[in-house]
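Residue numbers (the numbering used here), protein chains in the order written: chain A, 23 to 477; chain B, 19 to 188. We put the CB at the ideal spot given by N, CA and C, even for glycine.
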Amino acid sequence: MARKLLLEHINVPGINTLDVYRQKGGYRAVEKALKTLTPDEVVEEVKKSGLRGRGGAGFPTGMKWSFLAKPEGVARYLVCNADESEPGTFKDRYLMTHIPHALIEGMIVSSYALGAKTSYIYVRGEMMPQIRILERAIAEAKAAGFLGKNILGSGYDLELYVQPGGGAYICGEETALLESLEGKRGNPRIKPPFPAIAGLYGCPTVVNNVESIAAVVPIINDGGDEYMKIGIGRSTGTKLISASGNLVRPGVYEIELGLPVEEFIYSDEYCGGIANGKRLKATVAGGSSVPVLPANLTLKLANGEPRLMSYESLSEGGFATGTMLGSGGFIAFDEDQCIVRNTWNFSRFYHHESCGQCSPCREGTGWMEKVLHRLEHGHGKMSDIDLLVDVSKKIEGNTICPLGDAAAWPVASAIRHFRDEFEWHVKEPIKSLQGNYGIANYAVPIAKAEVKQEN
Amino acid sequence: MLKVEEQQPVEFSSALIAKCDEISSRYPQGKQKSALLPILHEVQAELGWLSSNAMDKVAAYLKIEPIEVYEVASFYSMYFLQPKGKYVLEVCRTGPCCLVGAEKLMEHMEQTLGVKEGEVTADGLFSWRGVECLAACGYGPVLQIGPEYTFYENLDNQKVDTLIEELRKK
């Protein structure tokens, strides 16, 4: 069995309560940090651990913390990003539902490290049940003296609040989240200045994902060096993977980074293979925004070696033959799924969720949805395929925030790897309405000799 | 566009005002506008939807301009600017849920309830609509019902029918 740091006690009855959480060793990290470590020493441990942001970008958490400006007399804030909205990702909901104190404990330690006296957990509005769970957990922690004034006699004060969002994917982008927390529309800000300099209310702010903050707890308990030993290369520690789609056992799994993708999909410890005895056609490995890969490139690198669940291995080969770990939203498509239809679905999502601030994204996502709609519904032209590539290129890199890229990549990658399926929709509109293209050669194992050079 | 019922005056209960006061205390002095999104949720939970009168009242409470409330309420998908059924069944329609049958479920719902997406049944009880990813992709198809956003997972036609029957009896 792989090591579990976050979900070790997930099946213990009552682990959502403070008492049981403490019986299982909870709040040790708060005691250790506040009583024996300086804030800088906590930052140092997190730096040593090699922990990378679990929300999608994978930026080293300790480094992000060390960028925080600390001018005299100015408040600093820690804001937890619990706006989990990336299609395919549901790990934060799972963690907050079952072990809310892991997040609360992480928030206390992290706030202490950053010198924040008030911290917010911004939870997407649809997760009202989770908001209630967190509020109850905060009340418990406060009653036990882990929050409020002079925590554990250390002289450190912290208030922690839960803020509901309003149902907007864009608020997962950290500056849009801050705008929303200030009571405004979720329009991302132009950077610089980065939140570390001017974030919430113009004050220095760190925004971290739920899982990143929860991971601070085992890092402080066991030390950054211990955490770094888990995983592979620069992908240290464990990662929560949300597995969905046509799998025997979809759900949230904690893996040690470096696990072979094939083992994750097919072994009984994890997803247990493809549902209904079907074959795997394609995957989206890190949430809907990352490039889609055919089955063969999911399991193997272009050079024929096994692909691993790690930041580096998943992005091996760049976008030509690779993808990204992203937020760990792993979506599996079986042989009966239509890539054109799914790409259209994702495009509609991005069109719906574009905040409308930058014209390439506001207009481009609409165009992509429209063109994909006609391809999927039998009215497409051959030229539409290149038109989509063209539009996607004009969005990518030309917007304030990464939503534009996130909208462009799924479309560009679907055409890169599944162009014959798109062409079939144009050539056989009637057939494409009645049936699907099937698995074609997308699962044929890649032999080293057959690797084509992408230009 | 403004309907007659929107012009009727709106009263906030004392419990709602107390809740708004508690929410406003979470932010530093002078930053009470931060309370806007949570307060709109509370108001919607009490009144069912956000009429322009209700939004004006929120603006007055927070001492901000009404436009600052309108622009927020119209930006976020969870706020209803039109009256809706007592129960709004919101089905996730994004990729992963569609891989496991969300589209067929929505067709079934349209037939069962006899209203199109966004419309209200004649008895005023139900509306339904497709919404974007609800972060429960491993348990699809899923739907949620406000204002508590109770979650229903691994749905099929039969489970939805049972749910609708139960809500009808409430």
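Contacts around residue i, its chain only, beta-carbon distance under 7 Å, and the 5 residues preceding and following it disregarded
i                         : result
proline 84 of chain B     : Met73, Asp74, Ala77
alanine 51 of chain A     : Glu127, Val131, Val239, Ile242, Asn243
isoleucine 252 of chain A : Arg25, Thr258, Gly259, Thr260, Glu278
glutamate 418 of chain A  : Gly426, Asp427, Ala430
Residue-chain proximity (residue i, chain B), Cβ-Cβ < 8 Å
i                            : result
asparagine 172 of chain A    : no
serine 202 of chain A        : yes
threonine 111 of chain A     : yes
histidine 447 of chain A     : no
histidine 374 of chain A     : yes
lysine 251 of chain A        : no
phenylalanine 371 of chain A : yes
serine 107 of chain A        : yes
serine 454 of chain A        : no
lysine 206 of chain A        : yes
asparagine 33 of chain A     : no
phenylalanine 440 of chain A : no
alanine 190 of chain A       : yes
glycine 77 of chain A        : no
Inter-residue CB distance, residue i and residue j (contact presumed, cutoff 8 Å)
i                         : j                        : result
glycine 280 of chain A    : glycine 308 of chain A   : So it is not a contact: roughly 15 Å between Cβ atoms.
glutamate 106 of chain A  : serine 311 of chain A    : The pair is not a contact, with the Cβ atoms about 13 Å apart (cut-off 8 Å).
valine 96 of chain A      : proline 217 of chain A   : That belief does not hold up - the Cβ atoms of valine 96 of chain A and proline 217 of chain A are roughly 14 Å apart, past 8 Å.
serine 257 of chain A     : tyrosine 333 of chain A  : 5 Å
glycine 189 of chain A    : glutamate 157 of chain A : Incorrect: roughly 19 Å between the Cβ atoms, too far for contact.
isoleucine 370 of chain A : glutamate 385 of chain A : Residue 370 of chain A is actually arginine in this sequence, not isoleucine. Actually they do not touch by this definition, with Cβ atoms about 15 Å apart.
leucine 40 of chain A     : alanine 163 of chain A   : 6 Å
glutamine 62 of chain B   : tyrosine 97 of chain B   : 6 Å
cysteine 377 of chain A   : glycine 208 of chain A   : 6 Å
valine 362 of chain A     : glutamate 398 of chain A : 5 Å
alanine 304 of chain A    : leucine 315 of chain A   : 6 Å
valine 160 of chain B     : glutamate 171 of chain B : 5 Å
CB contact check: residue i to chain A, cutoff 8 Å
i                            : result
leucine 54 of chain B        : yes
serine 31 of chain B         : no
lysine 177 of chain B        : no
alanine 153 of chain B       : yes
arginine 147 of chain B      : no
lysine 51 of chain B         : yes
glutamine 162 of chain B     : yes
cysteine 38 of chain B       : no
proline 159 of chain B       : no
phenylalanine 169 of chain B : yes
threonine 180 of chain B     : no
serine 95 of chain B         : yes
Residue i Cβ short of 7 Å to the ligand HEM heavy atom set
i                       : result
arginine 256 of chain A : This structure does not include the ligand HEM; it has no bound ligands of any sort.
Neighbourhood of residue i by C-beta distance below 8 Å, restricted to the same chain and skipping five residues each side
i                         : result
glutamine 176 of chain B  : none
arginine 301 of chain A   : Ala317, Asp356, Glu357, Ile461, Ala465
glycine 294 of chain A    : Leu269, Val270, Arg271, Tyr288
methionine 19 of chain B  : With a pLDDT of 43 at methionine 19 of chain B, under the threshold of 50, the modelled position of that residue is not reliable, and the figure given next carries that caveat. Contacts found: none.
methionine 124 of chain B : Val109, Arg111, Glu135, Trp146, Gly148
leucine 54 of chain B     : Val76, Leu80, Ile82, Glu86, Val87, Val90
threonine 139 of chain B  : Gly103, Leu131, Gly132, Val133, Ser145
Proximity of residue i and residue j at Cβ, strictly below 8 Å
i                            : j                         : result
lysine 112 of chain A        : alanine 154 of chain B    : A quick correction: the sequence has phenylalanine, not lysine, at residue 112 of chain A. The answer is yes: Cβ separation under 8 Å.
alanine 68 of chain B        : alanine 36 of chain B     : Looking at the sequence provided, one finds leucine at residue 68 of chain B rather than alanine. No, they are not a contact pair.
valine 101 of chain A        : valine 145 of chain A     : no
phenylalanine 368 of chain A : methionine 331 of chain A : no
methionine 118 of chain A    : glutamate 166 of chain B  : no
valine 68 of chain A         : glycine 246 of chain A    : yes
proline 101 of chain B       : glycine 158 of chain B    : no
glutamate 233 of chain A     : arginine 76 of chain A    : yes
isoleucine 3 of chain A      : asparagine 38 of chain A  : Missing from the structure shown is residue 3 of chain A; chain A here goes from 23 to 477 and no further.
glycine 350 of chain A       : lysine 261 of chain A     : yes
glutamate 284 of chain A     : proline 328 of chain A    : yes
phenylalanine 341 of chain A : proline 313 of chain A    : yes
leucine 409 of chain A       : leucine 394 of chain A    : no
Close Cβ partners of residue i (< 6 Å) along its chain, the five nearest in sequence each way excluded
i                            : result
valine 473 of chain A        : Bear in mind that the predicted position of valine 473 of chain A carries a pLDDT of just 49, short of 50, making it too unreliable to give a figure here.
phenylalanine 89 of chain A  : Ala218
glycine 221 of chain A       : Leu200, Thr227
glutamate 86 of chain B      : none
alanine 159 of chain A       : Pro122, His123, Ile126
serine 141 of chain A        : Leu100, Met129, Ser133, Leu182
phenylalanine 169 of chain B : Gln162
alanine 138 of chain A       : Arg98, Tyr99, Leu100
alanine 237 of chain A       : Leu73
What ranges does the alpha helix (DSSP H) occupy inside the region 325-410 of chain A, keeping only unbroken runs of at least 4 residues that lie completely in it? 333-336, 340-343, 361-375, 381-398
In chain order, what are the residue ranges of uninterrupted alpha helix (DSSP H) at least 4 long that sit wholly in the region 174-209 of chain A? 196-203
Start-end ranges of the beta strand (DSSP E) lying completely within the region 113-164 of chain B, minimum 3 residues: 144-149, 161-163
Of all the beta strand (DSSP E) runs that stay within the bounds of the region 227-263 of chain A, which reach a length of 3 or more residues? 227-231
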